[in-house]
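S.K.: Numbering (this note's numbering), first residue to last: 238 to 1077.
Take this structure, written in structure tokens, and hold onto it; I'll ask about it next.
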């Protein structure tokens, strides 16, 4: 959100320094009165969101600041505020916890409420503050121990890219992800309007998709036929035996392109679909705006199958909503790169996004955010979503019909949708919605119905704070109504899959980050524990999971969840550790393991669980969390609590030995190699229990569709490479120097694939994808400009006169004479540009 037109108040924010008084920061807010009237010292409250806790006792400027709940805070005038005259600015300084090194850390979404608590109360948007530059190292580094290289300067990026070189086109792979076998052959096959698509009835869906793809890039709708036609050149889709490992047999394929035709053979329809994606990548990079009536396809032989059966992408729409159109665009991109699982995070504390028949409050209240007096109309703002409900990034849901459409769209692309309904923590949106339902029905005198799906104990005195700072986001699992609610949601979701004609195999239950202290002060839970002979809170949680497992089993579903569903606490030598929970090893539990943050001590959780017998999906934060910022640059959006995730980090992920590329911790300091060497490695049986890998995109900072695609792409392409392509062999190379040389060479080829082929292909889709265009690196040395980019093949343009680089600016090809300041930007094939960088 930006400053609304007509707002009579404005904020400016700046980080002064980090590492103050320990791990704290100093910041300043400047409040300016743009109105013609003075701002009085009473009668108003300003609300805003910040992920960094403020120390109330440090606040100056005649105001008081306190936390409301979660990331929502409020500012009120203190006794000494006085008045803020027209045009006057008030300086408000404060100290906060941890650090603020990027725009993402700034407080956002300010709005003012006048007459709060009265019938005449009303809210006015102020918007986001103007964020001043992070001008010093004290503002750009977390503390004195922060040695992660800063990437805000052109010179630092130039040094990073120094090992890359532009490769000749014949040295760059033509298919991504890299197939098991690709043999180039002489000649070309030409697809034109007379080309037939020949296929059996069993492959009608794949043939229709191929026809649609070819129409997009050629303008022609090819005819389809069940049998070859004499004299007509054809693309033949057929089922037949293709050798492959058992786990990937249904996805294996052979693609043959000769001058006389194209033949695709696979064991199953999914394999045919995969081959079509490879064929798409052999086509010329053509925009839908400029179709080519004749498409030249190089002759070749491709034999291929995936490394992992599970190749997933997770998207959170609970924190901020993404439209149905955005979901379909993401699914199309996933399909192109042969990802086959879409983990759809539909609910969280900050939003419930799926219509459930019979429970209208879930979407009437739980899907909306904005100014509210009591949350009986909508949830409070989060992540800067502001006071206005309609059009907010925090507001939106999928109707039942929308979800069925998404299921069918995904299934046509052989992508399975794994829904996540997060319980028992991360459930505040559901709790508040069912609380509103309770009050509505009680007012109507319908007490039994009111209590039917209630999720909270009104007398709960438990003291806790979740990771996202909530104090009331955990379902009361001592209530039978909580289980009735879960059963109702499961029934309705299952009915959607049935109507869509799509298999429902796995429910992701969340199960993560239940804060310490939950349920301890709940009279209902304590009574429930006594009644059922449960001695500890862990026993209560085990009871919940066992009962939930029974519901899932009734629907024939796998119990998916984050790693906490399969871990239990044990105490040894006075220290508490998480270890695999033996209770659920053979209970069809499927943990998705994210926590391997270097230096935290939990780096081997995934391997422990796989070795113990759990079928495991690797979701490692250090390489696969795409909501994290690409680089340590204040202007790069995204969090960084798990590191900074360049596209290269996703590409270099080593699923079966993550320690291969581990070198530094979150602060850029060397890891304790001796401690890492003691961590658990995969056993032979454990390797068989690794289902695959998944990228995660959490949505705290996804405030619009452009941000979604910026954060996801091109990292999702690197994810696909690691999920599908064969093991590159880095982990088996004993010599560190040789391994690094091989990794550098492999990355150079992949970076060229992005710059020369894949990013341009994304430009060619309808509307073009808004992937991140990497900033160029540059330096001036001996009066000459030197420049490079992390995706060789992208165009770098520059200006020497201080103007903004445009599509008409000179193209950088080789070092040029440069005196003074130079501005540069990287440009895509569609002339979208990166942020402008300055050197000199």
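Just so you know, even glycine gets a beta-carbon here, dropped at the ideal spot from N, CA and C.
Within the continuous beta strand (DSSP E) that includes residue 600, where are the two ends?
M.R.: Translated into the one-based positions of the chain shown, residue 600 becomes position 363. It is not in any beta strand (DSSP E) - residue 600 instead sits in the alpha helix (DSSP H) that spans 598 to 601.
S.K.: Between the Cα of residue 245 and those of 363, 478, 342, 294, spot the shortest distance and give me the residue it belongs to.
M.R.: Along the chain shown, one-based indexing puts residue 245 at 8. Considering only alpha carbons, the answer is 363.
S.K.: How should residue 502 be labelled, buried or exposed, when 16 other C-beta atoms within 10 angstroms of its C-beta is the threshold for buried?
M.R.: Locating residue 502 in the chain shown gives position 265, counting from the first residue. Buried is the call here.
S.K.: Going by DSSP, name the residue or residues bridged to residue 1123.
M.R.: Since the first residue of the chain shown is 238 and the last is 1077, residue 1123 is not available in this structure.
S.K.: Quick check on this structure: which residue in 814, 396, 1068 has the alpha carbon closest to the alpha carbon of residue 841?
M.R.: For the purposes of this step, residue 841 is taken as the residue at position 604 of the chain shown. With distances taken between Cα atoms, residue 841 lies closest to 814.
S.K.: How about the stretch 630 to 639 and the stretch 658 to 669: do they share at least three Cβ pairs that are nearer than 8 Å?
M.R.: Flag = no, the stretch 630 to 639 and the stretch 658 to 669 do not touch.
S.K.: Which whole-angstrom value describes the C-beta separation of residue 1048 and residue 1034, a residue pair presumed to lie in contact below a C-beta threshold of 8 Å?
M.R.: Sequence index remark: in the chain shown, residue 1048 carries index 811 (1-based). Sequence index remark: in the chain shown, residue 1034 carries index 797 (1-based). Right, the Cβ-Cβ distance comes to about 6 Å (below 8 Å), so this counts as a contact.
S.K.: What is the rounded straight-line gap between the Cα of residue 737 and the Cα of residue 856?
M.R.: The sequence position of residue 737 within the chain shown is 500, counting from 1. The sequence position of residue 856 within the chain shown is 619, counting from 1. Residue 737 and residue 856: Cα-Cα distance of roughly 28 Å.
S.K.: How far does the beta strand (DSSP E) with residue 805 in it extend, from its first residue to its last?
M.R.: As a working mapping, residue 805 is identified with position 568 in the chain shown. Residues 804 to 809.
S.K.: Check whether the stretch 599 to 618 touches the stretch 679 to 689, counting contact only when three or more Cβ pairs, one atom from each stretch, lie closer than 8 Å.
M.R.: Short answer: they don't touch.
S.K.: Jot down the residue ranges of each uninterrupted beta strand (DSSP E) in the stretch 304 to 379, minimum 3 residues, whole runs only, in chain order.
M.R.: Listed in chain order, the complete beta strand (DSSP E) runs (minimum 3 residues) inside the stretch 304 to 379 are 309 to 314, 326 to 334, 345 to 351, 359 to 364.
S.K.: State the start and end residues of the unbroken alpha helix (DSSP H) segment that holds residue 563.
M.R.: Taking the chain shown and counting its residues from 1, one reaches residue 563 at position 326. 561 to 573 is the span of the alpha helix (DSSP H), which, as asked, contains residue 563.
S.K.: State the start and end residues of the unbroken beta strand (DSSP E) segment that holds residue 548.
M.R.: Taking the chain shown and counting its residues from 1, one reaches residue 548 at position 311. Residue 548 -> beta strand (DSSP E) spans 547 to 553.
S.K.: Using DSSP with H/G/I as helix, E/B as strand and the rest coil, what is residue 1008?
M.R.: By 1-based counting over the chain shown, the position of residue 1008 is 771. Residue 1008 falls in the coil class under three-state DSSP.
S.K.: Quick one: grab the DSSP three-state call for residue 964.
M.R.: Working through the chain shown from its first residue, we reach residue 964 at position 727. Note: residue 964 maps to coil in three-state DSSP.
S.K.: Identify whether residue 518 lies in helix, strand or coil by the three-state DSSP scheme.
M.R.: Position 281 of the chain shown, counting from 1, holds the residue named residue 518. It is helical.
S.K.: Could you pull out every unbroken beta strand (DSSP E) segment of at least 3 residues lying fully inside the stretch 461 to 498, listed in chain order?
M.R.: Entirely contained in the stretch 461 to 498, the beta strand (DSSP E) runs reaching 3 residues are, in chain order, 471 to 476, 490 to 495.
S.K.: Can you tell me the Cα-Cα spacing of residue 610 and residue 758, whole angstroms?
M.R.: Within the chain shown, the letter at position 373 stands for residue 610. Within the chain shown, the letter at position 521 stands for residue 758. The alpha-carbon atoms of residue 610 and residue 758 are separated by roughly 26 Å.
S.K.: Comparing the C-beta of residue 936 with each C-beta of chain C, is any distance below 9 Å?
M.R.: Looking at the structure shown, chain C is missing, and only one protein chain is on hand.
S.K.: With burial defined as no fewer than 16 other Cβ atoms inside 10 Å of the residue's Cβ, what is the status of residue 837: buried or exposed?
M.R.: The residue labelled residue 837 in the question sits at position 600 within the chain shown. Residue 837 should be labelled exposed.
S.K.: Rounded to the nearest angstrom, what separates residue 887 and residue 290 at their Cα positions?
M.R.: Here the question's residue 887 lines up with position 650 in the chain shown. Here the question's residue 290 lines up with position 53 in the chain shown. When rounded, the distance between both Cα atoms is 31 Å.
S.K.: Beta-carbon within less than 7 Å of residue 287's beta-carbon, same chain only, minus the 5 sequence neighbours each way: which residues are those?
M.R.: For the purposes of this step, residue 287 is identified with residue 50 of the chain shown, where counting begins at 1. Excluding residues within five positions, the ones whose Cβ falls inside 7 Å are 308, 310, 344.
S.K.: Hey, how far is the Cα of residue 276 from the Cα of residue 331?
M.R.: In the chain shown, the residue the question calls residue 276 occupies position 39. In the chain shown, the residue the question calls residue 331 occupies position 94. So the alpha carbons of these two residues sit roughly 21 Å apart.
S.K.: Could you tell me the alpha carbon to alpha carbon distance between residue 792 and residue 314, rounded to whole angstroms?
M.R.: Taking the first residue of the chain shown as 1, we reach residue 792 at position 555. Taking the first residue of the chain shown as 1, we reach residue 314 at position 77. Distance between the alpha carbons of residue 792 and residue 314: 55 Å.
S.K.: Just list the beta strand (DSSP E) runs in the stretch 826 to 894, keeping only unbroken ones of 3 residues or longer that don't cross its boundaries, in chain order.
M.R.: Qualifying beta strand (DSSP E) stretches, in chain order: 826 to 830, 853 to 855.
S.K.: Which residues does DSSP list as the beta-bridge partners of residue 270?
M.R.: Here residue 270 refers to the residue found at position 33 of the chain shown. Answer is 246, bridged to residue 270.
S.K.: Measure how close the beta-carbons of residue 529 and residue 454 come, nearest whole angstrom, since I'm counting them as under 8 Å.
M.R.: What you label residue 529 is simply residue 292 of the chain shown in a count that begins at 1. What you label residue 454 is simply residue 217 of the chain shown in a count that begins at 1. About 7 Å; that satisfies the 8 Å criterion.
S.K.: In whole angstroms, what separates the C-alpha of residue 594 from that of residue 741?
M.R.: On the chain shown, residue 594 is found 357 positions in, with the first residue counted as 1. On the chain shown, residue 741 is found 504 positions in, with the first residue counted as 1. For residue 594 and residue 741, the distance between alpha carbons rounds to 19 Å.
S.K.: Can you tell me where the beta strand (DSSP E) with residue 285 in it begins and where it stops?
M.R.: Residue mapping note: residue 285 aligns to position 48 of the chain shown, counting from 1. Taken as a continuous stretch (DSSP letters only), the beta strand (DSSP E) holding residue 285 covers 281 to 286.
S.K.: Between 693, 271, 850, 652, which lies nearest to residue 1118 when the distance is taken from Cα to Cα?
M.R.: With the chain covering 238 to 1077 only, the question about residue 1118 has no answer from this structure.
S.K.: Express the C-alpha separation of residue 908 and residue 902 in angstroms, rounding to a whole number.
M.R.: Reading the chain shown from its first residue, position 665 is the one you call residue 902. Reading the chain shown from its first residue, position 671 is the one you call residue 908. Approximately 6 Å between the Cα atoms of the pair.
S.K.: Checking 9 Å against the spacing of the C-beta atoms, do residue 552 and residue 582 come in under that value?
M.R.: Walking along the chain shown from the start, residue 552 turns up at place 315. Walking along the chain shown from the start, residue 582 turns up at place 345. A contact, by the Cβ cut-off of 9 Å.
S.K.: Which stretch, first to last residue, makes up the beta strand (DSSP E) that contains residue 425?
M.R.: Working through the chain shown from its first residue, we reach residue 425 at position 188. First-last of the beta strand (DSSP E) with residue 425: 418 to 428.
S.K.: Quick one: using the 10 Å Cβ neighbour count with 16 as the cut-off for buried, is residue 571 buried or exposed?
M.R.: Sequence index remark: in the chain shown, residue 571 carries index 334 (1-based). By the neighbour-count rule (16 or more Cβ atoms within 10 Å), residue 571 is buried.
S.K.: Could you give the distance in angstroms between the alpha-carbon of residue 525 and the alpha-carbon of residue 294?
M.R.: To locate residue 525, count along the chain shown from 1; it is residue 288. To locate residue 294, count along the chain shown from 1; it is residue 57. Spanning the two alpha carbons is a distance of roughly 59 Å.
S.K.: Taking C-beta to C-beta, are residue 827 and residue 781 nearer than 9 Å?
M.R.: Reading the chain shown from its first residue, position 590 is the one you call residue 827. Reading the chain shown from its first residue, position 544 is the one you call residue 781. No, these two residues do not count as a Cβ contact at 9 Å.
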